[in-house]
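S.K.:
Number of protein chains: 4
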Amino acid sequence: MSKGKIRLGLIGGGANSFIGPVHRIAAYMGERYQLVGGVFDVDHKASMEFAEKLELDTSRTYSNIDELIEKESALPAHERIEVVSILTPNFLHYPMAAQLIKAGFHVICEKPITMKASEAVELEALIKEHGVVFCLTHTYTGYPMVRQMKTMIAEGVIGKVQKVDAQYYQGWINPFIHDKEKRSSIWRLDPAKSGQSCCYGDIGVHAFNLIEYTTGLKVEKVLADVNTLYEDNPLDVDGTTLIRIKEGVRGVICASQIATGEENNIKIAVYGDKGGLFWEQEHPTFLTHLKEGEPRQILKPGNPYTSDFAMESTKIAPGHPEGLFDAMGNIYAGTAQAIRGEAYRDGAFPNVEDGVRGMKFIEAVLLSSRNGQTWENI
Amino acid sequence: MSKGKIRLGLIGGGANSFIGPVHRIAAYMGERYQLVGGVFDVDHKASMEFAEKLELDTSRTYSNIDELIEKESALPAHERIEVVSILTPNFLHYPMAAQLIKAGFHVICEKPITMKASEAVELEALIKEHGVVFCLTHTYTGYPMVRQMKTMIAEGVIGKVQKVDAQYYQGWINPFIHDKEKRSSIWRLDPAKSGQSCCYGDIGVHAFNLIEYTTGLKVEKVLADVNTLYEDNPLDVDGTTLIRIKEGVRGVICASQIATGEENNIKIAVYGDKGGLFWEQEHPTFLTHLKEGEPRQILKPGNPYTSDFAMESTKIAPGHPEGLFDAMGNIYAGTAQAIRGEAYRDGAFPNVEDGVRGMKFIEAVLLSSRNGQTWENI
Amino acid sequence: MSKGKIRLGLIGGGANSFIGPVHRIAAYMGERYQLVGGVFDVDHKASMEFAEKLELDTSRTYSNIDELIEKESALPAHERIEVVSILTPNFLHYPMAAQLIKAGFHVICEKPITMKASEAVELEALIKEHGVVFCLTHTYTGYPMVRQMKTMIAEGVIGKVQKVDAQYYQGWINPFIHDKEKRSSIWRLDPAKSGQSCCYGDIGVHAFNLIEYTTGLKVEKVLADVNTLYEDNPLDVDGTTLIRIKEGVRGVICASQIATGEENNIKIAVYGDKGGLFWEQEHPTFLTHLKEGEPRQILKPGNPYTSDFAMESTKIAPGHPEGLFDAMGNIYAGTAQAIRGEAYRDGAFPNVEDGVRGMKFIEAVLLSSRNGQTWENI
Amino acid sequence: MSKGKIRLGLIGGGANSFIGPVHRIAAYMGERYQLVGGVFDVDHKASMEFAEKLELDTSRTYSNIDELIEKESALPAHERIEVVSILTPNFLHYPMAAQLIKAGFHVICEKPITMKASEAVELEALIKEHGVVFCLTHTYTGYPMVRQMKTMIAEGVIGKVQKVDAQYYQGWINPFIHDKEKRSSIWRLDPAKSGQSCCYGDIGVHAFNLIEYTTGLKVEKVLADVNTLYEDNPLDVDGTTLIRIKEGVRGVICASQIATGEENNIKIAVYGDKGGLFWEQEHPTFLTHLKEGEPRQILKPGNPYTSDFAMESTKIAPGHPEGLFDAMGNIYAGTAQAIRGEAYRDGAFPNVEDGVRGMKFIEAVLLSSRNGQTWENI
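And the structure:
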């Protein structure tokens, strides 16, 4: 069924990018992608240097997205870039994705999908219309034990879900936020670059996504209290959100970037009427299963007792840890299956629906907060 | 300064009591109390048998609180019971405490202090009027590492507090709640016995108390979404509460008794502009100190680097765990200091103010929830 | 069956004792002992003051053990001290125990039982001859999860034992050992006070005892490499011991008092052909059960799935930690059952056989080490 | 200084290989290698299919190592394979490495380096003679926190080392070892394929290597008790080794493949006179620093407080876990620096000296054990 390696292009992710290596390594890992070109940097000279460093064919290093689309579209189908990963600043995700989709390219897009929910909805329609594959890199869904959690909940192992608690705590904004000059210099706190939200847009939405991913349920409405900490700071850096989920299940999403000293402490607990499941990213190979009336269990990847989905998402024997790159690699692997028209599992990669849900969530959180804590539907 | 052992009486805590041994052991531990009598059981015969089992002087085993007060008051001061621990069902705490205070006895009272906040306020006035010592057993404040946390925050180690997150998750109601007959048979879910609230009255209030205890700050207002899970269940079994603290600090209190498989998972994280502190009861001898820009630290009791307060609350060398009984023992020890007129530290034992705060918190949580998530002042 | 509270005497354990409170609290906990007198201090005045502080009848505070035995023996049986806890320096354990046993007193003795194995053997004979109860306070055997481990292994849950690994690491000698003056001033490093061994006598023997306690197997022979670190230091402060257990099972005991920064890190892992069990004292309420081909389990005290022995050794609901005092309390409780002629479980308290085994182990370790690592039978 | 990507060949690692993906991903990660050809499988057809799957130029897929050497050597220098990774069964490591070195290829070799120590010594001489780079994949040395440990010890953070304890426990042989037929069918237990040792050759040597790597000290002599469990089983599956290190430091290495339920539980503790350091692979992003008289610290990768070496070995922000592939990637990265003649840090990749030390260690362990536990020099 394979038609050789998938030809991958990148927009962004050049020399000093933090996220660039994550995507490239994820693409290399499964040996299903071949990086052939792109626009690595807004500065074309830097872009060319980067291509040379990677020993790419520099004739396919373009000065901008228009050129990329034009020149690649002119190539024969079996040479043409098939999928483009968008790693640019947030405000460019939407227009670039739209342009690429219209031109028939598959897209892998960094989070947030767009600046507004309405744009995500538009992308959803475009994707449907053009029949391309779209992957949104909610990386945490790529961890084997998150996938194990999803399968176990779907199989009823913890019974009917009755309570959900997800948290994403970071502290990285703390050293900047208390100084007026410093905080005004951070792009994440600049609405023009970052969008409507900092804390919820960047990390709260991951917690939200994990909830919908693992439970298979949809959050119906939210009530949020976000905090900018200083009046002259336009964007949220912290906040708690009450959630109501379909079928009467309730829960909470806690997010903060001023939880001083925290790194990437994202965790999720889901409780049902037969048991609970708990996972935290900083110990990603340990999934705790709380069982009503029995000893709690610790599940670890690579073991025969894990689900097929978790097992397929693991490359090494039990007890050898895999990490964030491996999680992203699993998402790239799922996307490759979709691009090649192969069967793939539900949850193999986050898609535009996750993007639409996430943007609606963010907007509902912000609206609720602006309104002084009202319930807002998603 | 000591006038010998403090003569202790008990009301409740007889043969099948869960909490009785906790109090007696706590009283024995510091060797400052002598159990001399009380009303151990509503059934006087059972009460007498219990007294005999403990080899107490059965002439001081009374049939009810009136008799206790009358007979003990008639004894010479140096023989008379000095302090009474109230371990009865919730609805009896208030009237019994009031009666004892009026009669000049010091009181140690199980939580909740009363059924209503107004009653707690009345007790506060009575205590002031009669000049007695009143201890409310918020046991978790007795753990050395909680006291260490309080001291460190007071000393500014984590700087100005900016975010607070406390949680108390249990799962014990899960096996009962889903069956109509079972859930109607639990006294905790019967308002007549349990009071206005189950989850917040029993455990949410502990999380609230830990916040005020460790930070020294007062929660100003709350917005809560509590859950009874079934319409015919009158009391909350779960719920999340947004909090606003004086000086603009925000946070969250999560509480649940349907977090299936959880036991007594109470934890607290406090973040300031210089660092954070994290403690959880099920690993009580480990206090995590997150430091801005430095490795995180783990503090353990009994070490010279701990505060005087923590050190005085530790009876054994580092690495030998102490537990819940030891925490309660520390509270009894602090109460003994107050009874004997000795100097004692701020926080040595929870008192009526904690009780008033707690009841106001519970009522605000319930009101907010009934009103469909309004902000309510405490 | 009970004949009232057991009358307890203490030798040692006065004002500045570290271990005194552990024993008294353990005795109070189960409400089966009444402290009536003893020799609390070599200085009789200090002893009297201590008795007064505890509000004991000072007529039963004796100036020495001879007086205690004489005067108490003269009392009527129902008033007489029944059991004496020996908390004196190591070299006094044996003569005092012997004297008390001969006089018909039950004895609770701190570790090490004697200075030499031969003395322990003599005690064993004396105990048999005089029909008294003898308890040796290997405290760690009192933890509910250690007892759970013993039961599970006995019931075959992990199958046939094939590998054992026990460790006791402390660091407390490190700050003293590197300075000649300091190290010569520590009583633990003075053979006259401490006995033949420091590290193995004090802590290695605990690891050994945990192995024999939990597995029910006997260590057959040992080969050891102990370290004094400095030539002028007469006693071991560190060392590793290879062990061979009956039926061909092998393992290792690691002990150190120069494991800088360690506190009381005693742990034990036992592996059988169906699974393994792992426990560590600094997280005493978590027992890990590694199962062949299944997720690992975490067992916690107070849960219905624990053994009767573990459940009886737990005083509180699951998730409320108990610690070292509670472990010692369980040992005192078992001893009380024996003293009162009640049925008690195998392992309810460590006895003279454990003492004999421990002393033989220590001597074999030292001999092996002196001989340049020979195998020595226990 | 770079001369483009390093041309990499592989021997072994084809379709069903467990270790193949680890090496390829490690090579891709740093974007310094280009896989150009090799001998992927003993079966040439399978080898060709594998090359096609990876979209390699099949003209450089060779039927055996002789052909590879001949044909590649005939290519111009700037096209020729520069380094070959040897992923074949153990007994082929030595002859293939020797052949490649003699032909002037750099070599990356899976562990064990050879079947005998004498062969490793020969390789060492050959490498010197031919001036090639040789990397032995002791993967655990690639973890950032292991490198942090090495730096901290070198910088004297824990003072003079006085005690070392390393362990590698697995349980994977347990399900096979107890059945005669099953155990005779495992290649790891077949001396012809596996070499002189199973447990020590495969995993004990990793623990040994971690000790020498992190401390910078050399183990002088060993005394070991290895266990085959059954008489008809020719190779060790378990064993404990006492070690004496230069300058009088002692320690222990524990290894087992019958520690039922363990996965890849390799850990190391090193204690000095100022503190201790502890790391375990299954939680690789947490390094515990025990400090004399201070709270223990937890160091995590990616933080500014980590050493340059650790920081260079980390690709992502703190709190995002990296795992085994990333560790191997770091080793490939160090090897690339050496191949390109760039400066590289001490410890950037394990080399032939590590291989010689490891083989001598294994032989000394086996000799000691055969001799009934004698001390053997390394």
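Chains as they are written, first to last, in this note's numbering: chain A, 892 to 1269; chain B, 892 to 1269; chain C, 892 to 1269; chain D, 892 to 1269. For every residue, glycine included, the Cβ atom is placed at its ideal position computed from N, Cα and C. Quick caveat: nothing in here was measured; it's all calculated off a predicted structure.
Give me the residue from A:G1225, A:N1242, A:V1243 with the minimum Cα distance to A:Y1235.
M.R.: Numbered from its first residue, the first sequence carries residue 1235 of chain A at position 344. When each option's Cα is compared against that of A:Y1235, the closest is A:G1225.
S.K.: Taking Cβ positions, are B:N1118 and A:R1141 nearer each other than 7 Å?
M.R.: For this step, residue 1118 of chain B is matched to residue 227 along the second sequence. For this step, residue 1141 of chain A is matched to residue 250 along the first sequence. Yes, the pair counts as a contact, with Cβ atoms nearer than the cut-off.
S.K.: How close, in whole Å, do the beta carbons of C:E1013 and C:I977 come, if the pair is a contact with beta carbons under 8 Å?
M.R.: Numbered from 1 along the third sequence, position 122 holds the residue referred to as residue 1013 of chain C. Numbered from 1 along the third sequence, position 86 holds the residue referred to as residue 977 of chain C. Contact doesn't hold; Cβ gap of about 16 Å is too wide.
S.K.: Look at the alpha carbon of B:M892 and the alpha carbon of C:L1027, and state the distance between them as a whole number of angstroms.
M.R.: As a working mapping, residue 892 of chain B is identified with position 1 in the second sequence. As a working mapping, residue 1027 of chain C is identified with position 136 in the third sequence. Here the model assigns B:M892 a pLDDT of 38, short of 50, so the residue's position is not dependable, and the following value carries that caveat. For B:M892 and C:L1027, the distance between alpha carbons rounds to 38 Å.
S.K.: Would you mind reading off the limits of the beta strand (DSSP E) that contains C:N1118?
M.R.: Translated into positions along the third sequence, residue 1118 of chain C becomes position 227. Run containing C:N1118: 1110–1118, per the beta strand (DSSP E) assignment.
S.K.: Which residues in chain C have a C-beta closer than 7 Å to the C-beta of A:G1047? List them in chain order.
M.R.: For the purposes of this step, residue 1047 of chain A is identified with residue 156 of the first sequence, where counting begins at 1. Within chain C, no residue comes near A:G1047; the closest Cβ sits about 17 Å away, beyond 7 Å.
S.K.: Please go through the same chain and pick out, in chain order, the residues whose beta-carbon is closer than 8 Å to the beta-carbon of D:Y1196, but skip the five residues on each side of it.
M.R.: Locating residue 1196 of chain D in the fourth sequence gives position 305, where the first residue counts as 1. Contacts found: L1190.
S.K.: So which residues of chain C does D:K1165 contact, with C-beta pairs closer than 8 Å?
M.R.: The residue you call residue 1165 of chain D lines up with position 274 of the fourth sequence. Near D:K1165 (Cβ distances below 8 Å), the residues of chain C are T1151.
S.K.: Helix, strand or coil for A:I916, going by three-state DSSP, please let me know.
M.R.: Within the first sequence, numbered from 1, the residue matching residue 916 of chain A stands at position 25. A:I916 falls in the helix class under three-state DSSP.
S.K.: Classify C:L865: buried if its beta carbon has 16 or more other beta carbons within 10 angstroms, exposed otherwise.
M.R.: Because chain C in this structure spans residues 892 to 1269, residue 865 of chain C falls outside the shown range and cannot be described.
S.K.: Which chain A residues sit within Cβ distance under 9 Å of C:H1180?
M.R.: For the purposes of this step, residue 1180 of chain C is taken as the residue at position 289 of the third sequence. What C:H1180 touches in chain A: P1186.
S.K.: Are A:L959 and A:V933 closer than 7 Å when you measure CB to CB?
M.R.: For the purposes of this step, residue 959 of chain A is taken as the residue at position 68 of the first sequence. For the purposes of this step, residue 933 of chain A is taken as the residue at position 42 of the first sequence. Against a cut-off of 7 Å, the Cβ pair of A:V933 and A:L959 comes out as no contact.
S.K.: So with CB distances below 8 Å, who are the chain B contacts of D:P1195?
M.R.: Working through the fourth sequence from its first residue, we reach residue 1195 of chain D at position 304. The contacting residues are G1184.
S.K.: Between B:A1146, B:C1090, B:I1136, which lies nearest to B:G1107 when the distance is taken from Cα to Cα?
M.R.: Residue numbering aside, residue 1107 of chain B sits at position 216 when the second sequence is read from its first letter. The shortest Cα separation from B:G1107 among B:A1146, B:C1090, B:I1136 belongs to B:I1136.
S.K.: Buried or exposed: where does C:L1017 fall if 16 or more other Cβ atoms within 10 Å of its Cβ makes it buried?
M.R.: Walking along the third sequence from the start, residue 1017 of chain C turns up at place 126. Label assigned to C:L1017: buried.
S.K.: Which residue's Cα is closest to the Cα of D:K1251: D:Y924, D:E1171, D:K1109?
M.R.: In the fourth sequence, the residue the question calls residue 1251 of chain D occupies position 360. That would be D:K1109, whose Cα lies nearest to the Cα of D:K1251.
S.K.: By how many angstroms is the C-alpha of B:T979 removed from the C-alpha of B:F941?
M.R.: Residue numbering aside, residue 941 of chain B sits at position 50 when the second sequence is read from its first letter. Residue numbering aside, residue 979 of chain B sits at position 88 when the second sequence is read from its first letter. One C-alpha to the other measures close to 16 Å.
S.K.: Can you tell me which of the three DSSP states A:I1269 falls into?
M.R.: Your numbering for residue 1269 of chain A matches position 378 in the first sequence. Coil.
S.K.: Quick check on B:T1131: does DSSP put it in helix, strand or coil?
M.R.: Your numbering for residue 1131 of chain B matches position 240 in the second sequence. Three-state DSSP puts B:T1131 in a strand.
S.K.: Relative to chain E, which residues along the region 914–927 of chain D have a C-beta separation below 8 Å, given in chain order?
M.R.: Looking at the structure shown, chain E is missing, and the protein chains on hand are A, B, C and D.
S.K.: If I'm right that B:W1266 touches A:Q1264 with Cβ under 8 Å, what's the distance once you round it to whole angstroms?
M.R.: By 1-based counting over the second sequence, the position of residue 1266 of chain B is 375. By 1-based counting over the first sequence, the position of residue 1264 of chain A is 373. Confirmed, Cβ separation roughly 7 Å.
S.K.: Closer than 7 Å, CB to CB, is B:Y1034 near chain A or not?
M.R.: By 1-based counting over the second sequence, the position of residue 1034 of chain B is 143. Not closer than 7 Å to any Cβ of chain A, the Cβ of B:Y1034 fails to qualify, so no.
S.K.: Do you know how far the Cα of A:S1204 is from the Cα of A:F1067?
M.R.: As a position in the first sequence, residue 1067 of chain A is number 176, starting the count at 1. As a position in the first sequence, residue 1204 of chain A is number 313, starting the count at 1. Roughly 38 Å between the two C-alpha positions.
S.K.: Using the rule of at least 16 other Cβ atoms within 10 Å of the residue's Cβ for burial, across every protein chain shown, is C:H984 buried or exposed?
M.R.: Locating residue 984 of chain C in the third sequence gives position 93, where the first residue counts as 1. By the neighbour-count rule (16 or more Cβ atoms within 10 Å), C:H984 is buried.
S.K.: Would you please verify whether the beta carbon of A:H1211 is less than 7 Å from any beta carbon of chain D?
M.R.: The residue you call residue 1211 of chain A lines up with position 320 of the first sequence. Yes, contact with chain D.
S.K.: On the three-state DSSP scale, how would you describe A:C1089?
M.R.: Locating residue 1089 of chain A in the first sequence gives position 198, counting from the first residue. Coil.
S.K.: Kindly say whether D:I1044, judged by its beta-carbon, lies nearer than 7 Å to any beta-carbon of chain B.
M.R.: Position 153 of the fourth sequence, counted from the start, is the residue given in the question as residue 1044 of chain D. Output row for D:I1044: interface = no.
S.K.: Roughly how many angstroms lie between the CA atoms of A:M1270 and A:V1243, to the nearest whole one?
M.R.: This structure cannot speak to residue 1270 of chain A, because chain A is shown only from 892 to 1269.
S.K.: Whole alpha helix (DSSP H) runs in the region 926–977 of chain B with 4 or more residues, listed along the chain?
M.R.: As far as the region 926–977 of chain B is concerned, its whole alpha helix (DSSP H) runs of at least 4 residues are 935–944, 956–965.
S.K.: Quick one: which unbroken alpha helix (DSSP H) runs of 4-plus residues sit fully inside the region 1146–1219 of chain B? Chain order, please.
M.R.: As far as the region 1146–1219 of chain B is concerned, its whole alpha helix (DSSP H) runs of at least 4 residues are 1199–1203.
S.K.: In whole angstroms, what separates the C-alpha of B:K896 from that of C:L945?
M.R.: Taking the second sequence and counting its residues from 1, the one referred to as residue 896 of chain B is at position 5. Taking the third sequence and counting its residues from 1, the one referred to as residue 945 of chain C is at position 54. Each residue's Cα considered, the two are about 8 Å apart.
S.K.: When you compare the CB of C:L1168 with every CB in chain B, is at least one pair closer than 7 Å?
M.R.: Counting from one through the third sequence, the residue named residue 1168 of chain C turns up at place 277. With 7 Å as the cut-off, C:L1168 does not count as an interface residue toward chain B.
S.K.: Between which two residues does the alpha helix (DSSP H) holding B:G1246 run?
M.R.: The residue given as residue 1246 of chain B occupies position 355 in the second sequence. Element bounds for B:G1246: 1243–1261.
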